[in-house]
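The next block holds one structure in the form of structure tokens; read it before the comments.
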């Protein structure tokens, strides 16, 4: 699987530092899976998908590589290896989606696939209202959306996990699906344990091969690229997993 | 030293952490090799570093490693887990100079690996390190001898296929005191060019070729080495199933390395290869792998 060139068909500015690139082509992928995006003479880095048909990536400008991606225009090419890894799989009928910052992107894909799920709630967290994106996209996929910002500039004030905690106390959910910064995922894991419900957490790591060979992304014996990036958290086994 | 089975996790594959090594062991490997560790931390080459080009892999990770001071801790932790299971561990090391090899070996010996494997054959760092030591019989022997002087831990020397006469190099390192030979490291280096951008895909432009495509070369190398030396050979290169592993044994390998096959078969590949080997032995009425070793020479 060599990198496959794909042209950019559309670029949408989603938030202050966030652009969505819709490509002219598709993949067959699950929500939560990722692709390696290569720009010749620049770098190759992992990105989760927002849609597989057409292939859509949402990229926050956070470093030199994403800055280069943000310079691309409609008609330019980028190169894709993937889909890679293990994605989300909604098991129940009452999922709680929790997205912190740019972690909202794969959850939008997940929500768009979970059309048969009766009641889904999405907590969308961002630093400020200018960093918020995909509230409308999630609502359009049938989610009840709760917005939360750290500076109280939109929706509720605080962290997305604070809101998730309150929701889990008030309502019944049969699974938590989370993507975001590490501290947020740790909190989400804790909440799953407390409430005795399964979780699926999408993690990040420095990646090289993306196919479970080089070991660059390993964490506690698990390969983020191949065993993940979405990891199951079962109520019974969560404790033993953390000890291994 | 006895292995519970002949399969060895090859260096550079998954050997980055103690728990990951333990997981490979749980999945059936008879021995594991850690990712090559050098004198100081190295970032390695920028991405893309590893590609599946359709008939194998090509990589230029560039000896990314945390340095020997951290490496020795990883190995010590891995030993803690593997020792009770009776599973040996080989610590792969590299350095830019003969002296550097001896220094890294001395430090890594503190973690008491069962073997120290000398990676004198990485094809991806020649612009920094010059021609690999494995490409010259004298250089290869000097590194082997220097490491033998500083440690009593058995030494495996990993050879390069990118030479005119691998048997000559093998004999040279055996005379210098090598306890075993691992062959082969990746082939090449090779290059893959993206025809849309006109650019080499690997950021390093060139990389070592591994996987199914190189197996016939690996088998021939093991065959040539077996003719030349008495010490055991770990046959490595494109082994993906039981047939391939048996082929290595018949060429003369005592143990068989598994690396790129993890890309295709996951960690379960070790169990699968063992089962296929056993099934063949039963079917063909063989009772001992030793009886098959080197039969291609007879």
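Protein chains in written order, with the numbering used here: chain H, 1 to 244; chain B, 1 to 298. Note that CB positions come from ideal geometry on N, CA and C, so glycine has one too. Predicted, not measured: the structure shown is a model, and the values here were computed from it.
For residue i and residue j, I'd like the C-alpha separation in whole angstroms.
| i | j | result |
| --- | --- | --- |
| residue 44(B) | residue 61(B) | 6 Å |
| residue 13(B) | residue 52(H) | 30 Å |
| residue 7(H) | residue 90(H) | 31 Å |
| residue 182(H) | residue 177(B) | 49 Å |
| residue 166(B) | residue 288(B) | 28 Å |
| residue 196(H) | residue 152(B) | 53 Å |
| residue 223(B) | residue 170(B) | 12 Å |
| residue 15(H) | residue 133(H) | 6 Å |
| residue 138(H) | residue 42(B) | 42 Å |
| residue 170(H) | residue 163(H) | 11 Å |
| residue 278(B) | residue 6(B) | 12 Å |
| residue 280(B) | residue 9(B) | 22 Å |
| residue 188(H) | residue 120(H) | 17 Å |
| residue 28(B) | residue 190(B) | 32 Å |
| residue 117(H) | residue 172(H) | 14 Å |
| residue 50(B) | residue 209(B) | 10 Å |
| residue 54(B) | residue 157(H) | 51 Å |
| residue 74(H) | residue 4(H) | 17 Å |
| residue 243(H) | residue 195(B) | Unreliable positioning characterises residue 243(H) in this predicted model, as indicated by a pLDDT of 39, which lies under 50. A coordinate reading is not provided. |
| residue 128(B) | residue 56(H) | 39 Å |
| residue 246(H) | residue 21(H) | With chain H running from 1 to 244 in the structure shown, residue 246(H) is simply not present. |
| residue 37(B) | residue 165(H) | 44 Å |
| residue 220(H) | residue 17(B) | 8 Å |
| residue 202(B) | residue 274(B) | 34 Å |
| residue 148(H) | residue 17(H) | 18 Å |
| residue 296(B) | residue 199(B) | 43 Å |
| residue 135(B) | residue 163(B) | 6 Å |
| residue 261(H) | residue 131(B) | Since the first residue of chain H shown is 1 and the last is 244, residue 261(H) is not available in this structure. |
Taking C-beta pairs closer than 7 Å, name the residues in chain B that residue i reaches, listed in chain order.
| i | result |
| --- | --- |
| residue 77(H) | 196 |
| residue 218(H) | 16, 17, 20 |
Within the same chain, show all residues whose beta-carbon is closer than 7 Å to that of residue i, passing over the 5 residues directly before and after it, in chain order.
| i | result |
| --- | --- |
| residue 285(B) | none |
| residue 219(B) | 247, 248, 251 |
| residue 267(B) | 23, 24, 27 |
| residue 143(B) | 98, 101, 118, 120, 133 |
So with CB distances below 8 Å, who are the chain B contacts of residue i?
| i | result |
| --- | --- |
| residue 45(H) | 47 |
Kindly indicate which residue of the options has the alpha-carbon position closest to the one of residue i.
| i | options | result |
| --- | --- | --- |
| residue 193(B) | 205(B), 187(B), 182(B), 22(B) | 205(B) |
| residue 56(B) | 3(B), 212(B), 265(B), 47(B) | 212(B) |
| residue 231(B) | 242(B), 239(B), 183(B) | 183(B) |
| residue 107(B) | 93(B), 119(B), 120(B), 264(B) | 93(B) |
| residue 83(B) | 242(B), 11(B), 273(B), 112(B) | 112(B) |
| residue 145(B) | 116(B), 129(B), 175(B) | 175(B) |
| residue 12(H) | 58(H), 26(H), 1(H) | 58(H) |
| residue 1(H) | 295(B), 264(B), 294(B), 179(B) | 264(B) |
| residue 110(H) | 210(H), 17(H), 141(H), 125(H) | 141(H) |
| residue 127(H) | 184(H), 178(H), 27(H), 211(H) | 184(H) |
| residue 19(H) | 122(H), 71(H), 147(H), 152(H) | 71(H) |
| residue 211(H) | 283(B), 52(B), 64(B) | 52(B) |
| residue 67(B) | 87(B), 40(B), 73(B) | 40(B) |
| residue 217(B) | 200(B), 159(B), 46(B), 228(B) | 159(B) |
| residue 186(B) | 138(B), 48(B), 125(B) | 125(B) |
Please compile the residues from chain H whose C-beta is within a distance smaller than 7 Å of the C-beta of residue i.
| i | result |
| --- | --- |
| residue 254(B) | Per Cβ cutoff of 7 Å: no residues; residue 254(B) is ~25 Å from chain H at best. |
| residue 50(B) | 208, 209, 213, 214 |
Along chain H, which residues have their Cβ under 8 Å away from the Cβ of residue i?
| i | result |
| --- | --- |
| residue 244(B) | Within chain H, no residue comes near residue 244(B); the closest Cβ sits about 17 Å away, beyond 8 Å. |
| residue 13(B) | 213, 214, 215 |
| residue 199(B) | 40, 41 |
Identify the contact partners of residue i in chain H, using a Cβ-Cβ distance below 9 Å as the criterion.
| i | result |
| --- | --- |
| residue 35(B) | 214, 215 |
| residue 260(B) | 213 |
| residue 266(B) | 212, 226 |
| residue 57(B) | 209, 211, 213 |
Counting only C-beta atoms, is residue i closer than 8 Å to chain A at any point?
| i | result |
| --- | --- |
| residue 291(B) | Considering every chain present, this structure includes no chain A. Its protein chains are H and B. |
If you drop the 5 nearest sequence neighbours on each side, which residues of the same chain put their C-beta closer than 6 Å to that of residue i?
| i | result |
| --- | --- |
| residue 32(H) | 87, 88, 106, 202, 230 |
| residue 235(B) | 222, 248, 253, 256 |
| residue 294(B) | 226, 252 |
| residue 180(B) | 156, 231, 232 |
| residue 112(H) | 141 |
| residue 257(H) | Outside the displayed range of chain H (1 to 244) lies residue 257(H), so it cannot be described from this structure. |
Only counting the same chain, and skipping five residues up and downstream in sequence, which positions put a Cβ closer than 8 Å to that of residue i?
| i | result |
| --- | --- |
| residue 207(H) | 36, 45, 46, 216, 217, 224, 225 |
| residue 293(H) | Examination of residue 293(H) is not possible in this model, given that chain H is present from 1 through 244 alone. |
| residue 175(H) | 90, 91, 92, 94, 95, 96, 197, 198, 199, 200 |
| residue 89(B) | 21, 31, 32, 33, 34, 75, 78, 79, 82, 113, 114, 115 |
| residue 104(B) | 37, 38, 39, 68, 93, 94, 95 |
Show which residues of chain B have a CB atom less than 9 Å away from the CB atom of residue i.
| i | result |
| --- | --- |
| residue 184(H) | Result: empty, since nearest Cβ-Cβ is about 24 Å, beyond 9 Å. |
| residue 221(H) | 17, 18, 19, 20, 21, 22, 23 |
Let me check you understand the geometry: is the CB of residue i closer than 7 Å to at least one non-hydrogen atom of the ligand NAP?
| i | result |
| --- | --- |
| residue 153(H) | Looking for the ligand NAP in the displayed structure turns up nothing, as the structure carries no ligands at all. |
Query raised in the report: Would the stretch 81-97 of chain H and the stretch 214-228 of chain H be scored as touching if the rule is three or more Cβ pairs under 8 Å?
Result: Contact between the stretch 81-97 of chain H and the stretch 214-228 of chain H is established, with three or more Cβ pairs separated by less than 8 Å.
Query - Inter-stretch contact (C-beta, 8 Å, three-pair minimum) for the stretch 63-79 of chain H and the stretch 103-112 of chain H - result: no
Query raised in the report: Are at least three pairs of beta-carbons, each pair with one atom in the stretch 116-134 of chain B and one in the stretch 78-87 of chain B, less than 8 Å apart?
Result: Touching, no.
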